[in-house]
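Novice: Chains as they are written, first to last, in my numbering: chain D, 317 to 785; chain Z, 17 to 148.
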């Protein structure tokens, strides 16, 4: 009886999860998706909790309350910190899977060999490897994104890196095989612990060679791993809801990772093992090339006379917290009847969709946020392209310079606009460490300074010096 | 002894559904999508509850309780932050301060007027302080 009720509850929850993701296909219905997902989770928790074999209810309540205490503040982080929060939640997801897997193994080990079938052992080992690897990998990613001091920002590489990683992986696989064949041998629990340790180490080693510009892809891949570890847990517990939800999460991470890779014209393996950002000394201190600088006053005049302005935001906008000032600029231009669009590159920012969320936060209608493929054909008609803290995603070297590490990456064709103003904090190259041809174009003028301050001044000039802020 | 074939079927079919559904998700919403799938995959909470509340030795229940804590954190923060982000997506900011707006973008109840104001202001206040 109870079995039927709980299975029915899980079935309903699975359906709700699918609806939740389906409703994410448009902003207008997306919030319904959140409620569907929340309802599904609540149903699943209730029918599980109703299980008569559960006796330590205070423990459950205590852990859930603690989860609320930490979870609520975590949902209120500023939107610029969303990539870190996401990475952190992947770490939590991985930890949960790893810990449940560990508990399951030692429980079944005590109960006897008949509970540790080969299939279940494979699932268990997959669960703990994926879980613990996601835990440390995501913590490293979160550390890099948060710019924690002791986490190296630049990719860390050393000789024979891929080879030693491969050997380590081979060792893990060998231990896992031995464990599957003799799950109840006296030495098995120790071996199990060794596999856990290797998985934890592996997570760190996988992330340290990856640079900041690749973070969107890495977060998506970790998302996928976290989902797959839930699938493995579903196999261990024979729970089809876990398998369904984990598979949805896994495929979501996979699709996002593919989109990110395509947007950088790179392959999975290249992102994971390529140590991007190392090849930055291509044309170090060759010829001294000069930028043309412009005052904010001049830029404001050019904006005022334009009919069509495209703003291209990048991670620099997030760092400078400039999105609200950008919105004021948008208002000023709109007021004059100027068409303003935002051109969003898929990998702008530090996670998929990062720029869209920041601009939506600043109350800019999402109908004016345009994807790269959609805006590029219009670029030659654009009077002013304003680059706000974006760099590699507008670098024409991606189209022209075969020796450039970003060659072949699809970019927003800012250089085709009639004029370009680029706001940049300093004269240093961007995160990927590559010189940007766009800045030396004769149609480009640089506005050096903090994005928020520069846009603030533009707004002030446009507002007729009346100085709103 | 578990017959694992049915579970493999479920996995393969669910993956296809996932690929089909996710492919259609608006690119605008990729960040909320990630936090939503994160909250959904925290359904691992089911396994954590069984381990935490069962009649098991103490050390097993401690492992379970930590896992339960971690998944609850993901569920709570995942759904809340997804909703918070989605609330910010509006079709036309211009009219957002007037009642005219409420129709098109926010079919979902929850008083538009208070919400539209709360979004940007709560977002900008703490955010600006923290980084600078």
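Every residue, glycine too, gets a C-beta built ideally from N, C-alpha and C.
Report, in whole angstroms, the separation of the C-beta atoms of residue 31 of chain Z and residue 567 of chain D, which I expect to be a contact under 8 Å.
Specialist: 5 Å
Novice: Following the continuous beta strand (DSSP E) through residue 740 of chain D, name the residue where it begins and the one where it ends.
Specialist: 735 to 740
Novice: Here's the rule: buried if 16 or more other CB atoms are within 10 angstroms of the residue's CB, otherwise exposed. What is residue 776 of chain D?
Specialist: Here residue 776 of chain D is buried, its C-beta having at least 16 other C-beta atoms within 10 Å.
Novice: Quick one, which of D:558, D:353, D:366 and D:327 has its alpha-carbon nearest residue 318 of chain D's?
Specialist: Closest option to residue 318 of chain D, Cα to Cα, is D:366.
Novice: With a floor of 4 residues, list each alpha helix (DSSP H) that falls wholly inside the stretch 659 to 691 of chain D, ordered by position along the chain.
Specialist: 670 to 677 and 688 to 691
Novice: Among the candidates D:402, D:702, D:686 and D:720, whose CA atom is the shortest distance from the CA of residue 540 of chain D?
Specialist: For the residues D:402, D:702, D:686 and D:720, the minimum Cα distance to residue 540 of chain D belongs to D:402.
Novice: Classify residue 648 of chain D: buried if its beta carbon has 16 or more other beta carbons within 10 angstroms, exposed otherwise.
Specialist: By the neighbour-count rule (16 or more Cβ atoms within 10 Å), residue 648 of chain D is buried.
Novice: Which class does residue 706 of chain D belong to by DSSP, given the choice of helix, strand or coil?
Specialist: Under the three-state reduction of DSSP, residue 706 of chain D is assigned to coil, being neither helix nor strand.
Novice: Should residue 459 of chain D go down as buried or exposed, given a rule of 16 or more other Cβ atoms within 10 Å for buried?
Specialist: buried
Novice: Between the stretch 329 to 354 of chain D and chain Z, which residues of the former have CB atoms less than 7 Å from a CB of the latter, in chain order?
Specialist: 333, 334, 336, 337, 338, 340, 341, 342, 343, 344, 346, 347, 348, 349, 350, 353 and 354
Novice: Is there a Cβ from chain D that is less than 8 Å from the Cβ of residue 27 of chain Z?
Specialist: yes
Novice: Compute the Euclidean distance between the alpha carbons of residue 344 of chain D and residue 666 of chain D, then round it to the nearest angstrom.
Specialist: 25 Å
Novice: With DSSP as the reference, label residue 603 of chain D as helix, strand or coil.
Specialist: Residue placement at residue 603 of chain D is poorly supported in this model, since its pLDDT is 48, which falls under 50; the coordinates still yield a value, given next. Looking at residue 603 of chain D - three-state DSSP - the assignment turns out to be coil, as it is neither helix nor strand.
Novice: Look up residue 763 of chain D in the DSSP assignment and say whether it is helix, strand or coil.
Specialist: strand
Novice: Which residue spans inside the stretch 512 to 548 of chain D form an unbroken beta strand (DSSP E) run of at least 3?
Specialist: none
Novice: Check whether the Cβ atoms of residue 325 of chain D and residue 379 of chain D sit closer than 8 Å, and answer yes or no.
Specialist: no
Novice: Measuring alpha carbon to alpha carbon, tell me which of D:611, D:619 and D:530 ends up nearest residue 582 of chain D.
Specialist: D:530
Novice: Assign residue 375 of chain D to one of two classes, buried (16 or more other C-beta atoms within 10 Å of its C-beta) or exposed (fewer than that).
Specialist: buried
Novice: On the three-state DSSP scale, how would you describe residue 701 of chain D?
Specialist: strand
Novice: Using a Cβ cut-off of 8 Å (strictly closer), state whether residue 398 of chain D contacts chain Z.
Specialist: yes
Novice: Among D:392, D:565 and D:514, which one has its Cα closest to the Cα of residue 334 of chain D?
Specialist: D:565
Novice: Is the Cβ-Cβ distance between residue 572 of chain D and residue 726 of chain D less than 8 Å?
Specialist: no
Novice: Give every residue of the same chain whose Cβ lies closer than 6 Å to the Cβ of residue 731 of chain D, excluding the five residues on either side of it in the sequence, and list them in chain order.
Specialist: 712, 754 and 757
Novice: So, at 7 Å on beta carbons, what are the nonlocal neighbours of residue 436 of chain D in its own chain, with the 5 sequence-adjacent residues on each side left out?
Specialist: 552
Novice: What residue does the beta strand (DSSP E) around residue 629 of chain D start on, and which one ends it?
Specialist: 624 to 629
Novice: How close, in whole Å, do the beta carbons of residue 484 of chain D and residue 508 of chain D come, if the pair is a contact with beta carbons under 8 Å?
Specialist: Wrong, their Cβ atoms sit about 17 Å apart, outside the cutoff.
Novice: Answer with buried or exposed for residue 385 of chain D, where buried requires no fewer than 16 other C-beta atoms within 10 angstroms of its C-beta.
Specialist: exposed
Novice: Is residue 656 of chain D helix, strand or coil when you go by DSSP?
Specialist: strand
Novice: Taking beta-carbon pairs under 7 Å, can you tell me which members of the stretch 422 to 437 of chain D lie near chain Z?
Specialist: 422, 423, 433, 435 and 436
Novice: Check the Cβ of residue 670 of chain D against every Cβ in chain Z and list those closer than 9 Å, keeping chain order.
Specialist: Those are 46 and 47, listed as they occur along chain Z.
Novice: Compare the C-alpha of residue 607 of chain D against each of D:444, D:354, D:760 and D:719 and name the closest.
Specialist: D:760
Novice: Is the shortest distance between the beta-carbon of residue 551 of chain D and the beta-carbons of chain Z less than 8 Å?
Specialist: yes
Novice: Which value, in whole angstroms, describes the spacing of the CA atoms of residue 677 of chain D and residue 440 of chain D?
Specialist: 42 Å
Novice: Please confirm whether residue 49 of chain Z and residue 37 of chain Z have their CB atoms less than 8 Å apart.
Specialist: no
Novice: Got a sec: is the Cβ-Cβ distance from residue 644 of chain D to anything in chain Z below 8 Å?
Specialist: no
Novice: Report yes if the CB atom of residue 409 of chain D is closer than 8 Å to the CB atom of residue 54 of chain Z, and no otherwise.
Specialist: yes
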